[in-house]
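Here the structure comes first, spelled out in structure tokens, and everything after it is commentary.
Protein chains in written order, with the working numbering: chain A, 79 to 192; chain B, 79 to 192.
Following this line, the structure appears as structure tokens:
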């Protein structure tokens with residue numbers, strides 16, 4: 079692999095991990111895999127996340143076009159968060175990460191039995 | 079999705095991102111995608127990583143069975159780092175992350191043109 083190709087691959091993988099990695103972003107995108115959620119529902123799903131951190135990460139995901147935020151004028155708590163079309167395209171990666179983590183756990187358990 | 083399923087999915091995705099995420103782990107695994115590398119070659123690939131951080135992250139990846147470390151008695155700098163069989167199974171995820179990051183960049187560029 080050429081140096082420039084390697085550098086681009088590093089940068090792209092780093093960018094993707096920045097977007098859906100970290101302590102909460104992957105978990106928020108995972109939580110929205112099933113259905114749209116309100117803030118309170120996300121907070122419940124993601125205990126012990128704080129309101130401040132959840133607000134910050136939702137803003138980041140919205141700015142990066144990974145989630146849509148439907149703000150209705152009816153009631154304050156009626157803001158709904160959903161995957162954007164682009165955001166839902168990370169669903170397969172999330173499921174692949176899950177399958178890989180399960181395989182990793184099996185390998186580590188086998189190793190610990192030795 | 080049931081609560082327990084959601085919780086397990088969160089945990090598994092978090093575990094996978096812990097293993098190959100972060101500032102350097104994904105980059106180290108990406109760098110080893112092409113071929114085995116010496117410490118000095120990895121350090122060159124991953125500028126501006128420090129020797130202390132590279133040593134720590136390589137130890138982490140070795141403990142988690144993602145890389146093999148071939149220590150030959152010949153010369154100090156002849157230690158070779160390679161993907162383990164398990165480590166190479168994250169190759170497809172790395173390439174999928176790359177493709178997703180490229181698509182994300184295109185979407186953001188489109189948005190910025192609007």
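The C-beta atom is built at its ideal place from N, Cα and C for all residues, glycine as well.
CA-to-CA, the gap between residue 95 of chain B and residue 149 of chain A works out to about 31 Å.
Listed along chain A are 95 and 99, each with a C-beta nearer than 7 Å to that of residue 99 of chain B.
Straight through space, the alpha carbons of residue 166 of chain B and residue 158 of chain A are spaced by roughly 39 Å. Legend: CB atoms of the segment 149–173 of chain A lying less than 8 Å from CB atoms of chain B belong to residues 164, 167, 168, 170, 171 and 172. Annotated as proximal: residue 84 of chain B and residue 112 of chain A, with beta-carbon spacing under 9 Å. Between residue 117 of chain B and the set B:104, B:135, B:101 and B:100, the nearest pair of CA atoms involves B:135. Annotated three-state conformation of residue 145 of chain B is strand, per DSSP.
The beta-bridge partner set that DSSP reports for residue 160 of chain B consists of B:146. Counting along the chain, residue 104 of chain A sits inside the alpha helix (DSSP H) bounded by residues 103–109. If you ignore the 5 residues before and after residue 160 of chain A, its C-beta comes within less than 6 Å of the C-beta of 114 and 146, all in its own chain and listed in chain order. Residue 91 of chain B places its beta carbon 9 Å or farther from that of residue 139 of chain A. Closest option to residue 105 of chain B, judged by alpha-carbon separation, among B:185, B:88, B:87 and B:132: B:132. The beta-carbon of residue 121 of chain A is placed no less than 9 Å from the nearest beta-carbon of chain B. Residue 115 of chain A sits in a strand when the DSSP states are folded into three classes.
Between residue 87 of chain B and residue 108 of chain A, the gap from beta carbon to beta carbon is short of 9 Å. In the structure shown, residue 192 of chain B falls within a coil segment according to DSSP collapsed to helix, strand and coil. Residue 178 of chain A and residue 171 of chain A have their C-alpha atoms roughly 10 Å apart. What residue 175 of chain B touches in chain A, judged by beta-carbon distance under 8 Å, is 90, 91, 94, 95 and 171, going in chain order.
Judged by their CB atoms, residue 164 of chain A and residue 181 of chain B are nearer to each other than the 9 Å cut-off. With a contact defined as Cβ atoms closer than 8 Å, residue 99 of chain A and residue 99 of chain B qualify at about 4 Å.
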